[in-house]
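J.: I'd like to ask some things about the structure below.
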Ligand SMILES: Nc1ncnc2c1ncn2[C@@H]1O[C@H](COP(=O)(O)OP(=O)(O)OP(=O)(O)O)[C@@H](O)[C@H]1O
Ligand SMILES: [Mg+2]
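Structure, rendered in structure tokens:
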């Protein structure tokens, strides 16, 4: 018997000539949690897709042993039979199906005779969500009624419903708030005690430091190092990842803040299915020229609904009075919003941000095609020049601008979407979880870009679940709780505790 639950040896994986993995090895013991770290595009997700049969046996080189025996998974089903369960970086839920149906998809509970046992599935789905301390979810309602944070927790519940012996979590916490992450980490601790092994991929290195026993770093498809967490701290992981030290993640630069440029009054959004319920209730705020406004709150507080309503992209009913430069603007669709000078980088990149099968370049210029079209012809050279410049500016890692964007790593897709929404040169740029799934080095690049834009007079609204990020970049912070404005703070001597207190407490607070 091997001391390892699984061993991956010298894995090589190529995509049409591009080597994503170049001889990576990884071995994990039962009950061990290994943190898999590396920059965007390093090959983390690819390595785990190899292990879990997404890339079937035969489509890569190298060897995988499961309890000392060769593992040949031709599909995800095969690897699940062995006890490998993966939570993918990109959400895989079916929006139209109910929460419970998604949790038990492919793993349905049936009655004798084969009919679905909805009662049992609802009961168990409720129990799983209770374990995740998630309240107020109707498990019979379609998944699309719930925002990104909820959906991430549904994915986790779905994984817990299967009896995993190895649980792979690929960026499981990118849209969770700190209290939800704590719940997740404590569940992982429980699983470890039961002998379940975990591979934990996250760009949030504090989580890695908390829950992982060992850390493996890969860079450009090669193994850099594997070390016990006891010998490391987060700075040590960063140094191994990027090969350079990042001293201050928030390169805050002083920028002038001008007059009020944008105003939203009485923004109200109604729930899509339960139309008597308000998801956002009469929220008003002002935004000044060159100001960076952070929007904080717990998952489900209504932050994404608020910004999508302002951008004309909220799926349900919403009302708002909006003003740009003191003049009322009418925004019923994203096109109108862009014309009025607004731009939004959405939270749900996969569903709203990208057209997966189009090239990276085509995705980048999608919102500004009219810039390159003259009398019915598209000036391809001008378009390509812009694409090249933007790819360099944000260091989007892609083999070519023509590569389908679906082939980019998660963090690089995010950078491409950011670029796309910057090209219309907005007066007000709205970023919903802009650094979700983005590595430390690229986070730094994105913050620097935000400060540059602010210095040029662009106003920015940034929704973020990472409080350290909100406090690190914002000039002012709005706190939303249960659809209400719970606080409007100048970011001076502001603490995470104060913001959290406002998010939880029903009493409105002011700075
Ligand atoms: N289906 C694909 N087609 C072409 N190239 C791909 C495909 N999937 C991944 N790649 C390439 O393989 C490399 C590794 O990607 P991978 O998604 O594994 O990175 P990652 O470490 O998970 O990054 P991130 O932190 O951004 O999620 C990248 O250069 C990526 O562009
Ligand atoms: Mg990845």
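In the numbering used here, the protein residues as written are 10 to 520. All C-beta atoms, glycine included, are put in the ideal place defined by N, C-alpha and C.
Check whether the stretch 78-87 touches the stretch 448-457, counting contact only when three or more Cβ pairs, one atom from each stretch, lie closer than 8 angstroms.
T.: At 8 angstroms Cβ cutoff, the stretches do not touch.
J.: Quick check: residue 427 and residue 403, are their CB atoms within less than 8 angstroms of each other?
T.: In the chain shown, counting from the first residue as 1, residue 427 sits at position 418. In the chain shown, counting from the first residue as 1, residue 403 sits at position 394. In this structure, residue 403 lies closer than 8 angstroms to residue 427 by Cβ.
J.: For a quick check, are the C-beta atoms of residue 4 and residue 217 less than 8 angstroms apart?
T.: Nothing can be reported for residue 4: it is not among the residues displayed for the chain, which extend from 10 to 520.
J.: Note down, in chain order, each residue of its chain lying with its Cβ closer than 6 angstroms to the Cβ of residue 23, except the 5 sequence neighbours on either side.
T.: The residue you call residue 23 lines up with position 14 of the chain shown. There are no such residues.
J.: With distance defined between alpha-carbon atoms, name the residue in 175, 115, 443 and 75 nearest to residue 202.
T.: Here residue 202 corresponds to residue number 193 of the chain shown, with the count starting at 1. Closest by alpha carbon: 175.
J.: Tell me, to the nearest whole angstrom, how far the beta carbon of residue 328 is from that of residue 277; I am working on the premise that it is less than 8 angstroms.
T.: Against the chain shown, residue 328 aligns to sequence position 319. Against the chain shown, residue 277 aligns to sequence position 268. Residue 328 to residue 277, Cβ: 5 angstroms. Contact.
J.: Using 8 angstroms as the threshold, is the C-beta distance between residue 64 and residue 58 below it?
T.: For the purposes of this step, residue 64 is taken as residue 55 along the chain shown, with counting starting at 1. For the purposes of this step, residue 58 is taken as residue 49 along the chain shown, with counting starting at 1. Contact: yes.
J.: Are there 16 or more other CB atoms within 10 angstroms of the CB of residue 154, so buried, or fewer, so exposed?
T.: On the chain shown, position 145 is the one that residue 154 refers to. With 16 or more other Cβ atoms within 10 Å, it is buried.
J.: Applying the criterion that 16 or more other CB atoms from any shown protein chain within 10 Å of the CB defines a buried residue, is residue 520 buried or exposed?
T.: Here residue 520 refers to the residue found at position 511 of the chain shown. Residue confidence for residue 520 is low, a pLDDT of 48 falling below 50, so the modelled location carries little weight; the figure read from the coordinates is stated next. It is exposed - the Cβ of residue 520 has fewer than 16 other Cβ atoms within 10 Å.
J.: Classify residue 19 as helix, strand or coil using the three-state DSSP reduction.
T.: Locating residue 19 in the chain shown gives position 10, where the first residue counts as 1. The answer is strand: DSSP assigns residue 19 an E or B state.
J.: How is residue 236 classed by DSSP in three states: helix, strand or coil?
T.: What you label residue 236 is simply residue 227 of the chain shown in a count that begins at 1. In the structure shown, residue 236 sits in a strand (DSSP, three-state: E or B).
J.: Can you give me the Cβ contacts of residue 75 inside the same chain, cut-off strictly under 6 angstroms, excluding the 5 residues immediately before and after it?
T.: In the chain shown, counting from the first residue as 1, residue 75 sits at position 66. Same-chain partners within the cutoff: 15 and 91.
J.: Select from 494, 508 and 424 the residue whose C-alpha is nearest the C-alpha of residue 500.
T.: For this step, residue 500 is matched to residue 491 along the chain shown. For the residues 494, 508 and 424, the minimum Cα distance to residue 500 belongs to 508.
J.: Tell me the residue span of the beta strand (DSSP E) that contains residue 36.
T.: Mapped onto the chain shown, residue 36 falls at position 27. Looking at the DSSP string, the run of the beta strand (DSSP E) that includes residue 36 is 27-37.
J.: At what residues does the alpha helix (DSSP H) containing residue 343 begin and finish?
T.: Walking along the chain shown from the start, residue 343 turns up at place 334. Segment 343-348, the alpha helix (DSSP H) holding residue 343.
J.: Less than 8 angstroms between the beta carbons of residue 177 and residue 247, yes or no?
T.: Start at 1 with the first residue of the chain shown, and residue 177 comes out as number 168. Start at 1 with the first residue of the chain shown, and residue 247 comes out as number 238. Not a contact, by the Cβ cut-off of 8 angstroms.
J.: Using the three-state DSSP reduction, which class does residue 219 fall into: helix, strand or coil?
T.: As a first step, residue 219 must be located in the chain shown, where it is residue number 210. In this structure, residue 219 counts as helix in the three-state DSSP scheme.
J.: Measure the beta-carbon distance from residue 112 to residue 163 and round it to whole angstroms, keeping in mind my assumption that it falls under 8 angstroms.
T.: Translated into positions along the chain shown, residue 112 becomes position 103. Translated into positions along the chain shown, residue 163 becomes position 154. The Cβ separation is near 6 angstroms, so the contact holds.
J.: May I have the straight-line CA-CA distance separating residue 493 from residue 94, to the nearest angstrom?
T.: Here residue 493 refers to the residue found at position 484 of the chain shown. Here residue 94 refers to the residue found at position 85 of the chain shown. Each residue's alpha carbon lies about 38 angstroms from the other.
J.: Pick from 108, 152, 121 and 190: whose alpha carbon is nearest that of residue 9?
T.: The question about residue 9 has no answer, for the chain in this structure spans 10 to 520.
J.: Relative to the C-alpha of residue 141, which candidate in 166, 120 and 160 has its C-alpha closest?
T.: Residue numbering aside, residue 141 sits at position 132 when the chain shown is read from its first letter. That would be 166, whose Cα lies nearest to the Cα of residue 141.
J.: In this structure, how does DSSP classify residue 196 when only helix, strand and coil are distinguished?
T.: The residue labelled residue 196 in the question sits at position 187 within the chain shown. In the structure shown, residue 196 sits in a helix (DSSP, three-state: H, G or I).
J.: Under the three-state reduction of DSSP, which class applies to residue 368: helix, strand or coil?
T.: Taking the chain shown and counting its residues from 1, the one referred to as residue 368 is at position 359. Correct three-state label for residue 368: strand.
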